[in-house]
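What follows is a short report on a single structure.
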Amino acid sequence: MSAASCLLTEDQFLCSICLDVFTDPVTIPCGHNFCKTCITDHYNINVKCQCPNCNKVFRTRPELRVNTFISEMAAQFRQSAQQKASSSSSSSEQQVSKPGEVPCDVCTGTKLMALKSCLVCLDSYCETHLEPHLTRSGLKRHQLIDPVENLEGRMCSKHDKLLELFCKTDLMCVCMLCTILDHKPHDVVPLKEEYEEKKAELGKTEAKIQQMIQKRQLKIQEIKHSVELSEEDADREIADGVQVFTALKESVERSQAELIDTIKEKQRKMEKQAEGFIKELEQEISELKKRSTEVEQLSQSEDHFHVLQSFTSLNAAPPTKDWTQVRPRGYRRANELSHLCLRAADDDGYLLLVSGGMTVRPLGAQHVMFKGSKVTVEVLELHI
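The numbering used here applies: residue 2 is where the sequence shown begins, and numbers increase by one.
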């Protein structure tokens with residue numbers, strides 16, 4: 002930087018409107034300097050043409066004259082500051098921005114990971130380039146938030162002003178000019194106030210989702226217990242069938258296999274049904290945990306804009322099934338043996354199997370005969 006520029010202080014290179022180093026500096030008739038874009042926007046918004054510094058009023062919009070000297074000095078100052086920042090960042094251990102992370106907008110070449118985003122400058126800064134916002138009196142007034150992408154999306158597309166208010170009537174973020182024009186009669190509050198309110202609601206939503214997760218976890222335990230009990234009943238029924246059919250010859254062994262297959266098929270259907278219930282519950286738990294994580298992250302976010310933009314889609318649990326009346330159809334002893342009537346080895350009658358808990362009352366004959374290995378049972382009535 003030249004000797005002349007060294008005599009100037011840093012504040013003399015800052016535009017009093019944007020509080021940043023001059024960009025395309027121009028001079029108005031009263032002698033004050035501003036960025037060309039800043040002073041142009043100022044005159045576009047304000048009906049009265051006056052200087053933002055000394056408040057001198059002009060009858061007509063004053064001519065903007067390019068200030069070559071200030072422009073050169075500001076360029077040299079900016080270049081010197083960038084060189085110092087580049088030298089400092091190369092010797093530090095700051096992290097290089099990775100995919101998915103917000104990069105520093107000022108870094109040239111290798112982009113470092115941004116630590117903060119400025120809602121006034123609409124830029125994100127790494128540790129080195131953030132320093133002016135922490136030390137300079139003008140920049141210290143800027144609002145810093147955790148690094149976010151698409152800062153331009155936080156500007157009003159109609160008025161090119163920061164969306165710093167929230168319209169409760171239309172449920173949308175608005176700028177200061179919006180409240181004067183399109184949203185004048187509406188209920189408008191500061192963004193932070195609405196953020197705090199929605200954050201409290203998100204906390205309630207998160208608690209509700211956690212409760213839903215716990216209920217479904219208990220339902221899984223209930224279903225698993227039902228499966229265990231059903232399996233015990235099925236095992237006992239199989240054991241009873243095996244005990245009865247073991248004493249019979251080959252003719253009844255075929256019925257034994259049918260009985261076992263029938264019981265196992267019912268058990269398989271029950272287990273398949275239970276697996277389906279568990280799978281649905283686990284899927285709901287997964288979705289609820291995902292929503293819980295999103296709600297938790299959103300509730301912890303300090304990004305007012307992001308919280309409000311995402312609130313509607315996240316302030317409720319995802320659609321789930323009502324499991325209150327759901328019960329797996331567990332295996333119950335159907336007394337399959339009571340319905341088995343097998344033809345005996347001879348042609349004289351029918352063999353009726355009688356197992357534990359069942360009695361027979363003769364209808365025709367009054368007795369049961371055993372003929373060696375051939376068993377003949379007269380027509381009997383079965384009572385369970």
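C-beta: ideal position from N, C-alpha, C; glycine also.
Treat the numbers as computed from the prediction; the structure is a model and nothing was measured.
Just mark T313 as buried or exposed, buried being the case when its beta carbon has 16 or more other beta carbons within 10 Å.
In the sequence shown, counting from the first residue as 1, residue 313 sits at position 312. The residue is exposed, with fewer than 16 neighbouring Cβ atoms inside 10 Å.
Would you list the one or two residues that DSSP bridges to C36?
Walking along the sequence shown from the start, residue 36 turns up at place 35. Its beta-bridge partners are P26.
Output the boundary residues of the alpha helix (DSSP H) element that contains I306.
Looking up residue 306 in the sequence shown gives position 305. A small correction: the amino acid at residue 306 is Phe; Ile does not occupy that position in the sequence shown. Note, F306: alpha helix (DSSP H), 305-315.
Using the rule of at least 16 other Cβ atoms within 10 Å of the residue's Cβ for burial, across every protein chain shown, is F70 buried or exposed?
Counting from 1 along the sequence shown, the entry for residue 70 is found at position 69. So F70 ends up on the exposed side.
Shortest alpha-carbon distance to K193 belongs to which of Y44, E303, N47, H43?
By 1-based counting over the sequence shown, the position of residue 193 is 192. Of the candidates Y44, E303, N47, H43, the one whose C-alpha sits nearest the C-alpha of K193 is E303.
Would you kindly report the start and end of the unbroken alpha helix (DSSP H) that includes M177?
Numbered from its first residue, the sequence shown carries residue 177 at position 176. Counting along the chain, the alpha helix (DSSP H) containing M177 begins and ends at 177-181.
Taking the alpha-carbon of R137 as reference, which of L20, D106, E223 has the nearest alpha-carbon?
Translated into the one-based positions of the sequence shown, residue 137 becomes position 136. Of L20, D106, E223, the residue nearest in Cα terms is L20.
Put K220 into one of helix, strand or coil per three-state DSSP.
Within the sequence shown, the letter at position 219 stands for residue 220. Helix, per DSSP.
Return the CA-CA distance between D196 and V308, expressed in angstroms with no decimal places.
Locating residue 196 in the sequence shown gives position 195, where the first residue counts as 1. Locating residue 308 in the sequence shown gives position 307, where the first residue counts as 1. Position check: residue 196 holds Tyr in this sequence, whereas Asp was assumed. Those two C-alpha atoms are separated by around 7 Å.
For C55, does the count of other Cβ atoms within 10 angstroms reach 16, so buried, or fall short, so exposed?
Translated into the one-based positions of the sequence shown, residue 55 becomes position 54. Answer is exposed; the Cβ neighbour count stays below 16.
Can you give the beta carbon distance from C52 to H33, rounded, assuming they're within the 8 Å contact cut?
Counted from its first residue, the sequence shown places residue 52 at position 51. Counted from its first residue, the sequence shown places residue 33 at position 32. That pair is a contact at about 6 Å.
Determine the DSSP secondary structure at R60, reduced to helix, strand or coil.
Residue numbering aside, residue 60 sits at position 59 when the sequence shown is read from its first letter. Coil at R60, not helix or strand.
What are the boundary residues of the alpha helix (DSSP H) that includes L131?
By one-based count along the sequence shown, residue 131 stands at place 130. First-last of the alpha helix (DSSP H) with L131: 128-136.
Can you tell me whether R142 is buried or exposed? The criterion is at least 16 other CB atoms within 10 Å of its CB, across all chains shown.
Within the sequence shown, residue 142 is the residue found at index 141, counting from 1. Exposed: under 16 other Cβ atoms inside 10 Å.
Please name the residue, chosen from K225, E238, L219, that lies closest to T325 on a Cα-to-Cα basis.
On the sequence shown, residue 325 is found 324 positions in, with the first residue counted as 1. Nearest option by C-alpha distance: L219.
With a 10 Å radius around its C-beta and 16 neighbouring C-beta atoms as the bar for buried, classify N68 as buried or exposed.
Your numbering for residue 68 matches position 67 in the sequence shown. The residue in question, N68, is buried, as its Cβ has 16 or more Cβ neighbours within 10 Å.
To the nearest angstrom, how far is it from the Cα of Q211 to the Cα of E276?
Position 210 of the sequence shown holds residue 211. Position 275 of the sequence shown holds residue 276. Their backbone Cα atoms lie some 23 Å apart in a straight line.
Assign G358 to buried or exposed, taking buried as 16 or more other Cβ atoms, counted over all protein chains shown, within 10 Å of its Cβ.
Position 357 of the sequence shown holds residue 358. Low per-residue confidence applies at G358: pLDDT is 42, beneath 50, and the placement is therefore not dependable, though the value from the model is reported in the following sentence. Exposed, since its Cβ has fewer than 16 Cβ neighbours within 10 Å.
In whole angstroms, give me the CA-to-CA distance for S90 and D42.
On the sequence shown, position 89 is the one that residue 90 refers to. On the sequence shown, position 41 is the one that residue 42 refers to. Confidence is the limiting factor: at S90 the pLDDT is only 48, short of 50, which leaves the residue's position unreliable, though a coordinate-based value still follows. Their Cα atoms are separated by approximately 35 Å.
Spatial neighbours of F14 in its chain, beta-carbon cut-off 7 Å, leaving aside the 5 residues before and after:
Start at 1 with the first residue of the sequence shown, and residue 14 comes out as number 13. These residues qualify, in order along the chain: V22, F23, M74, A75, F78.
Close Cβ partners of E166 (< 8 Å) along its chain, the five nearest in sequence each way excluded
Position 165 of the sequence shown, counting from 1, holds the residue named residue 166. The amino acid occupying residue 166 in the given sequence is Leu; Glu does not appear at that position. Counting only Cβ-Cβ distances below 8 Å, and skipping sequence neighbours, we find C174, V175, C176, M177, C179, T180, V189, V190, P191, L192.
Rounded C-beta distance between H134 and V107? I'm assuming under 8 Å.
For the purposes of this step, residue 134 is taken as residue 133 along the sequence shown, with counting starting at 1. For the purposes of this step, residue 107 is taken as residue 106 along the sequence shown, with counting starting at 1. Contact doesn't hold; Cβ gap of about 11 Å is too wide.
Buried or exposed for V243, going by 16 or more other Cβ atoms inside 10 Å?
Taking the sequence shown and counting its residues from 1, one reaches residue 243 at position 242. Taking every protein chain shown into account, the CB of V243 has fewer than 16 other CB atoms within 10 angstroms, so this residue is exposed.
Measuring only the C-alpha atoms, how far is S227 from Q215?
Here residue 227 is taken as the residue at index 226 of the sequence shown, counted from 1. Here residue 215 is taken as the residue at index 214 of the sequence shown, counted from 1. In a straight line, the C-alpha of S227 is about 19 Å away from that of Q215.
Looking only at C-alpha atoms, which of S293, R62, M114, I18 sits nearest to K205?
Position 204 of the sequence shown holds residue 205. If you compare the alpha carbons of S293, R62, M114, I18 with that of K205, the shortest gap goes to S293.
Measure from the alpha carbon of R155 to the alpha carbon of each residue in D236, L140, S118, K169, then state which is nearest.
Working through the sequence shown from its first residue, we reach residue 155 at position 154. Looking at the Cα atoms, S118 is the closest of the given residues.
Between which two residues does the beta strand (DSSP E) carrying F14 extend?
The residue given as residue 14 occupies position 13 in the sequence shown. Careful: F14 lies outside any beta strand (DSSP E) and carries neither H nor E.
With 16 other Cβ atoms within 10 Å as the buried cut-off, status of Q284:
Residue 284 sits at position 283 when you count from the first residue of the sequence shown. So Q284 counts as exposed.
Please state if the CB of E207 and the CB of E297 are separated by a distance shorter than 7 Å.
Position 296 of the sequence shown, counted from the start, is the residue given in the question as residue 297. Position 206 of the sequence shown, counted from the start, is the residue given in the question as residue 207. When the beta-carbon positions are compared, E297 and E207 come within less than 7 Å of each other.
How big is the Cα-Cα spacing for Q222 and E281?
To locate residue 222, count along the sequence shown from 1; it is residue 221. To locate residue 281, count along the sequence shown from 1; it is residue 280. Approximately 14 Å between the Cα atoms of the pair.
If distances are taken between C-alpha atoms only, which option among R269, L299, S17 comes closest to L140?
The residue you call residue 140 lines up with position 139 of the sequence shown. Nearest of R269, L299, S17 to L140, Cα basis: S17.
Ordered along the chain, which non-local residues of its own chain (more than five positions away) have a Cβ less than 8 Å from that of Y44?
Residue 44 sits at position 43 when you count from the first residue of the sequence shown. Contacts found: C50, R62.
Please determine, among M213, E238, P329, the residue with the shortest C-alpha to C-alpha distance to K270.
For this step, residue 270 is matched to residue 269 along the sequence shown. Among M213, E238, P329, the Cα nearest to that of K270 is on P329.
Who are F167's beta bridge partners in DSSP?
Within the sequence shown, residue 167 is the residue found at index 166, counting from 1. C174, V190.
Would you identify the three-state DSSP class for D21, choosing helix, strand or coil?
Along the sequence shown, read from residue 1 onward, the residue named residue 21 stands at position 20. If DSSP states are grouped into helix, strand and coil, D21 belongs with coil.
Please identify the residue among A318, S158, L299, E229 whose C-alpha is closest to the C-alpha of S287.
Within the sequence shown, numbered from 1, the residue matching residue 287 stands at position 286. Answer by Cα proximity: A318.
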